[in-house]
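Worksheet: one structure, shown below.
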Amino acid sequence: MKLLLNGDPITTEATTLDAVLDENGYAEATVATAVNGDFVPATLRSSHTLTEGDQIEVLAPMQGG
Amino acid sequence: MRDFYGVTLANGFMLGTAQYPSPAILADAFKRSGASVATVSLRRESGQDRAGQDFWALIKDLGVHILPNTAGCHTVKEAVTTAHMAREVFGTKWIKLEVIGEEDTLQPDVFGLTEAARILSEDGFEVFPYCTEDLVVAGKLVDAGCEVLMPWGAPIGSGQGLNNVFGLRAMRAHFPDIPLVVDAGLGLPSHAAQAMELGYDAVLLNTAVAKAGDPALMAEAFASAIKAGVQAQISDPMEPRDMAAPSTPVIGKAFLS
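Protein sequences appear in the order of chains A and B.
With our numbering applied, the first sequence corresponds to residues 36 to 100, in that order.
With our numbering applied, the second sequence corresponds to residues 3 to 259, in that order.
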């Protein structure tokens, strides 16, 4: 399945959001996620099934004013 | 000082965390500033370098209140989604709500801002809206559930100070019970002192400290100015007058001509 992860194309066999995060280096990281522009809470990542072409955003704390 | 959603701050210094030369200088600036609030944001995280994790550890060690922002959002949808993501990551209901409407000035889209403020307030957020000094918009924001207002002093990052003192003074008079924060546009400690002299509860700034040649020293200077402004405000300053009034007594002056 082809997805966009933070704007970059990836190919994965994983089908859920938490599996894609683990596969791409985010295990146990403090991040927030959205799929196709909609917030996906951490508690729902394991049950959130992805489909071809989904756009995943993974955000973390960053400097801000 | 008025409470911010039930939280009494140690002082009226809210300091941003962006643009510092290094993390160590950021930490030093916060230490010297004594700031009670740090603003932060959310940005894309790389699964390889995970830079956000180190930054978050640094910020938690500062021991200050965290105020996440929705900087860079141009639509209600973007801002609301970012706020939800921030609440989960930072573990706070506070959100500095920015809905930008114009690129040259980074002026807020006050229509989108008001709508987003209503949505978020109804969802339990405690909204700090980045707004202008427009009294009508400010009233709409209060109606939408905002218990804090954050009018700009000048465009973000411009360092111009308080461009509309009349408007800011009117806002203070119009909303005597609402905590007010001058957010954005401050360049010098004297600007912060002026805001506090107007009766504002806090100032929020970033660039003026981070881009100074010595950020930690500038942070300390702002802290001193904020304290001076508060002291001046509560000591009931004199009213300005148009004509001179001699301060040295005239009675007893020698006749020497």
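Virtual Cβ for every residue (Gly too), placed ideally from N, Cα, C.
Here the structure is a predicted model, which is why all the values come from computation and not from measurement.
Is it buried or exposed, THR78 of chain A, if we count other Cβ atoms within 10 angstroms and call 16 or more buried? Around the beta carbon of THR78 of chain A, fewer than 16 other beta carbons lie within 10 angstroms, which makes this residue exposed.
Does any C-beta atom of chain B lie closer than 8 Å to the C-beta of ALA54 of chain A? For ALA54 of chain A, the closest Cβ of chain B is not nearer than 8 Å.
Using a Cβ-Cβ cutoff of 8 Å, what residues of the stretch 73-93 of chain A are near chain B? List them in chain order. Under the 8 Å Cβ criterion, the stretch 73-93 of chain A contributes ASP73, PHE74, PRO76, ALA77, GLU92 and VAL93.
For a contact meaning CB atoms closer than 8 Å, what does MET87 of chain B contact in chain A? Within chain A, the residues near MET87 of chain B are ALA67, THR68, ALA69, PHE74 and LEU94.
If I follow the unbroken alpha helix (DSSP H) through ALA69 of chain A, where does it start and stop? Going by DSSP, ALA69 of chain A is part of no alpha helix (DSSP H) but of the beta strand (DSSP E) stretching over 67-70.
In the structure shown, what three-state DSSP assignment does SER43 of chain B receive? Under the three-state reduction of DSSP output, SER43 of chain B falls in the strand class.
By the three-class DSSP mapping on this structure, what secondary structure does VAL205 of chain B have? The answer is strand: DSSP assigns VAL205 of chain B an E or B state.
Could you tell me which residues DSSP puts in a beta bridge with PRO217 of chain B? Looking at the DSSP output, PRO217 of chain B sits in no beta bridge, so it has no partner there.
Under 8 Å, Cβ to Cβ, is there at least one residue of chain B near ALA49 of chain A? Output row for ALA49 of chain A: interface = no.
Which residues bound the alpha helix (DSSP H) around GLN55 of chain B? Run containing GLN55 of chain B: 53-64, per the alpha helix (DSSP H) assignment.
Taking contact to mean at least 3 C-beta pairs separated by less than 8 Å, is the stretch 159-174 of chain B in contact with the stretch 190-202 of chain B? Yes: the two stretches touch, three or more of their Cβ pairs being nearer than 8 Å.
CA-CA distance, ALA186 of chain B and GLY100 of chain A? Spanning the alpha carbons of ALA186 of chain B and GLY100 of chain A requires a straight line of approximately 9 Å.
Short-range partners of chain D found in the stretch 53-67 of chain B, where Cβ spacing is below 8 Å: In summary, chain D is missing from the structure at hand, where the protein chains are A and B.
Cβ of PRO181 of chain B within 8 Å of Cβ of ILE27 of chain B? No, these two residues do not count as a Cβ contact at 8 Å.
First and last residue of the beta strand (DSSP E) that includes THR46 of chain A? Run containing THR46 of chain A: 43-46, per the beta strand (DSSP E) assignment.
Tell me where the alpha helix (DSSP H) around VAL144 of chain B begins and ends. Boundaries of the alpha helix (DSSP H) around VAL144 of chain B: 137-145.
Classification of ASN71 of chain A by the beta-carbon crowding that lies within 10 angstroms, buried from 16 upward: Counting of Cβ neighbours within 10 angstroms places ASN71 of chain A among the exposed residues, the total staying below 16.
Using 8 Å as the threshold, is the C-beta distance between ILE97 of chain B and LEU122 of chain B below it? In this structure, ILE97 of chain B lies near LEU122 of chain B, with their beta-carbon atoms less than 8 Å apart.
When you compare the stretch 45-65 of chain B with the stretch 80-95 of chain A, are there three or more beta-carbon pairs, one atom per stretch, that lie closer than 8 Å? Yes, they touch.
Helix, strand or coil: which one does DSSP assign to LEU122 of chain B? Here LEU122 of chain B sits in helix by DSSP.
Let me make sure I understand the geometry here. Which of B:GLY254, B:ALA256, B:ILE228 and B:GLU117 has the alpha-carbon closest to that of MET3 of chain B? Nearest of B:GLY254, B:ALA256, B:ILE228 and B:GLU117 to MET3 of chain B, Cα basis: B:ILE228.
How about THR134 of chain B: is its C-beta nearer than 8 Å to some C-beta of chain A? No - not a single Cβ of chain A is within 8 Å of the one on THR134 of chain B.
Going by DSSP, name the residue or residues bridged to MET152 of chain B. Beta-bridge pairing links MET152 of chain B to B:TYR132.
Quick one: does MET97 of chain A have its CB under 8 Å from some CB of chain B? MET97 of chain A has a beta carbon lying within less than 8 Å of a beta carbon in chain B.
DSSP three-state call for ASP185 of chain B: helix, strand or coil? ASP185 of chain B: strand per DSSP, three-state reduction.
Three Cβ pairs or more, each shorter than 8 Å: is that satisfied between the stretch 58-78 of chain B and the stretch 96-114 of chain B? They touch, by the three-pair rule.
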